[in-house]
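Residue numbers (full-length UniProt numbering), protein chains in the order written: chain A, 1 to 80; chain B, 1 to 80.
Using N, Cα and C, we set each Cβ at its ideal position, and we do this for glycine too.
Rendered as structure tokens:
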């Protein structure tokens, strides 16, 4: 068994209202010193074996199901 | 400038309807071989310096604002 992590984040040029909301709430809660916050999604996929074919399939899953490639970037990596 | 990553995932014993929905959709889309999927959140926090005081503050932010400690676990790490 192996675990593959897919991180999906809004592209840098795209507005991120969730991240902005978190960032705006921080000073009100007494937290200073955070310059910016961006919020995305993290998926943990369990597979039998993280071989090249499986990773290629997961890249396809990330592109078609887990992210919207117009507004989001994703990364795929095997969990250490 | 440094970037600190906060990953928030549902606790293992907690049902994860979002992950289940993704997992259920995979065979319909022709993807086999994924045993399980769990979905969580990923936050990227920009800070001037990722020193111990800042990381302690971010841990407090993660516990109070970014996660629900009853149903979610979080990890804090400095982005390499």
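Asked                                                                                                                                  : Found
Per-residue contacts from residue 40 of chain B into chain A (C-beta, under 7 Å)                                                       : 42
Buried versus exposed call for residue 57 of chain A [16 or more other C-beta atoms within 10 Å across all chains shown]               : buried
Bounding residues of the beta strand (DSSP E) (the contiguous stretch that carries residue 7 of chain B)                               : 2-10
Contact with chain B by residue 71 of chain A, beta-carbon distance below 7 Å                                                          : no
Cβ shell of residue 30 of chain A (< 6 Å), same chain only, five flanking positions each side left out                                 : none
Extent of the continuous beta strand (DSSP E) run through residue 30 of chain A                                                        : Neither: residue 30 of chain A is in no beta strand (DSSP E) and is coded neither H nor E.
Under the three-state DSSP convention, the category residue 44 of chain A falls into                                                   : strand
Chain-ordered neighbours of residue 22 of chain A on chain B, where CB pairs are closer than 8 Å                                       : 43, 65 and 66
Three-state secondary structure (DSSP) of residue 51 of chain A                                                                        : coil
Identified DSSP bridge partners for residue 72 of chain A                                                                              : A:10
Cβ-based burial, residue 49 of chain B [other Cβ within 10 Å; buried from 16]                                                          : exposed
Pairwise C-alpha distance: residue 38 of chain A and residue 52 of chain B                                                             : 21 Å
Other residues of its chain near residue 9 of chain B: CB distance less than 7 Å, five sequence neighbours each side excluded          : 38, 40, 72 and 73
Residues of its chain near residue 78 of chain A, where Cβ-Cβ distance is below 7 Å and the 5 sequence neighbours each way are ignored : 2, 4 and 50
Cβ neighbour criterion (16 or more within 10 Å) applied to residue 44 of chain A                                                       : buried
Residue 42 of chain A and residue 7 of chain A closer than 7 Å at C-beta                                                               : yes
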